[in-house]
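Here the working numbering is used: the first residue of the sequence shown is 70, the next is one more, and so on. Note that the Cβ used here is the ideal one computed from N, Cα and C, for glycine as well. Notes follow once the structure below has been shown.
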Amino acid sequence: MRQLLKCNDLQLAQKVHEMEKYGPEDDPVLSRFRALRTDLSRMSWNSFVAALGDCDAGPLARTGVMTFPLDEGFAARLAKILLESPRTEMRRDDFAMGWVGTAAAQCEYLNACNEYRAFTPEGMALIAEFLQTIGPGLEKTLGHRFRIGSMRQFQLVPERVASGRHLDGWPVAIRKLFILPQGCGRSTSTTWFRQRDGQQLELESDKPIWVVFENSVVWHAAVSAKALRPTVEFDLLPARETSLKPFYAGLAGWYPWFPTEASLLEGTRLALAQCFPEQPDKGLKSRLRRLVGRR
């Protein structure tokens with residue numbers, strides 16, 4: 070990987086992306102690079118969010134979980150298209166450049182827990198309609214502007230061993246949104262939360278709903294049942310300006326390691342350069358200052 074430092078920033082990011090998609094997962098240098106990138110990612114996201122202002126002041130911050138009704142006619146159309154969409158599986162190589170991906174073993178586990186469905190043009194049109202409808206209200210709920218970081222749709226497989234109660238460990242200003250077009254509950258699978266106020270909540274609705282929650286602040290867990298539960302999932306990123314455009318980062322893509330394209334290029338080179346500390350500095354300190362100061 071040392072030779073990649075001779076590439077320009079964009080070529081370097083592209084080549085690292087190809088290695089992460091197709092290279093050996095246990096490569097020691099790649100593992101070191103990933104650890105360093107994780108640290109730089111956290112620093113960059115913290116700096117970006119701080120520049121946006123208080124991203125923890127909207128109504129969602131009170132409990133960390135909020136649910137809303139979904140128009141039943143729209144929900145029926147969405148569920149129909151979802152269930153008619155072709156089945157697919159999560160693959161390790163299916164994620165956008167610069168996005169957090171999914172290891173092969175985790176893909177295997179998630180494929181056992183979820184029956185994934187591909188997005189069709191008809192389905193994407195409905196999702197765009199949904200985002201246009203809820204966008205202004207969602208911005209008020211979050212308390213800041215946002216954009217879509219990734220999305221996927223699936224049916225939660227019944228009677229599977231779930232991952233247990235957990236936090237996702239992402240930058241805390243990134244949130245999740247579920248559309249549940251057939252509702253949820255003990256009979257059709259649901260989600261358990263421990264809210265920020267300490268109260269426990271298990272979603273239960275025989276009507277279609279959508280829910281937004283702080284997946285790295287609020288403990289949560291899937292609760293499996295006897296029936297498949299259709300779900301559309303979004304990851305919401307804090308942003309300078311709200312964009313309601315659906316964005317698909319691949320089934321195995323979650324959120325970007327860095328909040329902007331410029332910080333992706335800076336952060337990728339910094340992480341790789343730090344794997345080889347004997348290399349000449351070549352402005353790494355100034356790159357680090359730019360990375361954590363990106364606005």
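Note on geometry: alpha-carbon atoms of Leu-341 and Arg-359 lie some 16 Å from one another.
Taking 8 Å as the cut-off, the beta carbon of Lys-245 is found no closer than this to the beta carbon of Glu-310. DSSP lists Leu-225 as the beta-bridge partner residues of Asn-183. The straight-line gap separating the alpha-carbon atoms of Leu-334 and Pro-250 is approximately 39 Å. For the pair Gln-80 and Lys-149, the Cα-to-Cα distance works out to about 42 Å. Rounded to whole angstroms, Thr-132 and Met-70 show a C-alpha spacing of 45 Å. The shortest CA-to-CA distance from Ser-285 to any of Ile-278, His-235, Gln-269 is the one to His-235.
Under DSSP, Arg-216 forms a beta bridge with Leu-306. If you draw a straight line from the Cα of Asn-77 to the Cα of Glu-89, it is about 18 Å long. Going by beta carbons, Gly-127 and Gly-212 fall inside the 8 Å limit. Taking 8 Å as the upper bound for CB-CB distance, Gln-343 and Leu-74 are not in contact here, some 11 Å apart.
An exposed status is given to Tyr-91, since fewer than 16 other beta-carbon atoms sit within 10 Å of its beta-carbon.
As computed with DSSP, Ile-278 is found in a beta bridge with Pro-138, Leu-249.
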